[in-house]
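Residue numbers (this note's numbering): 51 to 227. Even glycine gets a Cβ: it sits at the ideal position worked out from N, Cα and C.
Spelled out as structure tokens, the structure:
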């Protein structure tokens, strides 16, 4: 199986809120390490960037729209722009992956309860094998649940539902991801 690393919505605006994402700096560090290992292994890396619309911290063309410098794309690494939770809806991502023969994705980024969840489910529905980096995605606290509980819940439900396999960042093997 041919594998790619898909880094979702780790944009400056996600780290500019009054409230910081749960374990945000740790997640950035883990994803930066994953990026380094994927690049060294010759594994394709694709970045996804969310446009939140006018006035949003992730509005296209604003400083918040930019991918965080800790995990910034290298020249030649594709950036897929989206305006919905799914990285596949209307973006051409599926075509880019299939053109490279990719059938397995390693997924990391933000936000667990929106774009990570939706993209993992969509990828599986499209026939991809998905490894979700269990400690490589994050979100924000809500009035009902802490971000840590949201992350744990999504790791559990996505795995139990057959949408993903889980691997900690340090244990991701890009040859057998």
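Excluding its 5 nearest sequence neighbours in each direction, residue 146 has C-beta neighbours in its own chain below 8 angstroms: 96, 128, 130, listed in chain order. In terms of Cα proximity to residue 112, the closest of 102, 121, 120 is 102. If you draw a straight line from the Cα of residue 175 to the Cα of residue 122, it comes to about 28 angstroms.
For residue 187, the secondary structure class from DSSP, reduced to helix, strand or coil, is strand.
No residue range can be given for residue 93, since it is assigned to no alpha helix (DSSP H) and is classified by DSSP as neither H nor E. For the pair residue 51 and residue 199, the Cα-to-Cα distance works out to about 32 angstroms. Between residue 144 and residue 179 the beta-carbon gap is near 14 angstroms, outside 8 angstroms, which marks them as no contact. Excluding the 5 residues flanking it on each side, residue 220 has no same chain C-beta neighbour closer than 6 angstroms.
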